[in-house]
Amino acid sequence: MANTDKSQVYIIIRAFDSKCLEQNVVKLVLNFKKLGIKFKGPVYFPTKRENFTFKRSPHIDKKSQEQYKKDEFKRLLLLSSFDFNNALQRLDDDLSLSNGVEVSFKTKDKNNE
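Residue numbers (our numbering): 247 to 359.
Right under this line is the structure:
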């Protein structure tokens, strides 16, 4: 892995429920503060919205349709200058995220910008 002094970790948190997402972001932020990890964020991304329309009957009545909406919410936390492996082990012990929340990690070296 890259040198910890010159790398950044992006944590992207996704969910379809905004309340659930906010609760988990607050949990992460409180744990980062407790562990003394320097971070920036949360950064709010635009909401992805998808609308779906289905016909109720496959044969007739085009006017009879049902509409559904799916929203995807995203937040970003930027971590810098810390021991990545040690922090992940300590976070894993302290933190349990609720169902329906997806967390992904990306690393970026400051030298390669």
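The C-beta atom is built at its ideal place from N, Cα and C for all residues, glycine as well.
Problem set entry | DSSP bridge partner residues for L322 (one or two, in chain order) | For L322, the beta-bridge partners assigned by DSSP are I258, V289.
For this session: Whole angstroms is fine: what's the gap from E348's alpha carbon to F300's?
Result: Cα to Cα, the separation comes out at about 28 Å.
Exercise. Should the segment 255-268 be regarded as contacting the segment 305-319, the criterion being three or more beta carbon pairs within less than 8 Å?
Worked result: Judged by Cβ distances under 8 Å, the segment 255-268 makes contact with the segment 305-319, as three or more pairs qualify.
Problem set entry | Pairwise C-alpha distance: F351 and L276 | L276 and F351 have their C-alpha atoms spaced approximately 18 Å apart.
For this session: Identify whether N345 lies in helix, strand or coil by the three-state DSSP scheme.
Result: Secondary structure of N345 (DSSP, three-state): coil.
For this session: Output the boundary residues of the beta strand (DSSP E) element that contains K301.
Result: That run of the beta strand (DSSP E) goes 294-301.
Exercise. Taking E296 as the reference, which of K284, Y314, T353 has the closest Cα?
Worked result: Comparing Cα-Cα distances from E296 to each of K284, Y314, T353, the minimum goes to Y314.
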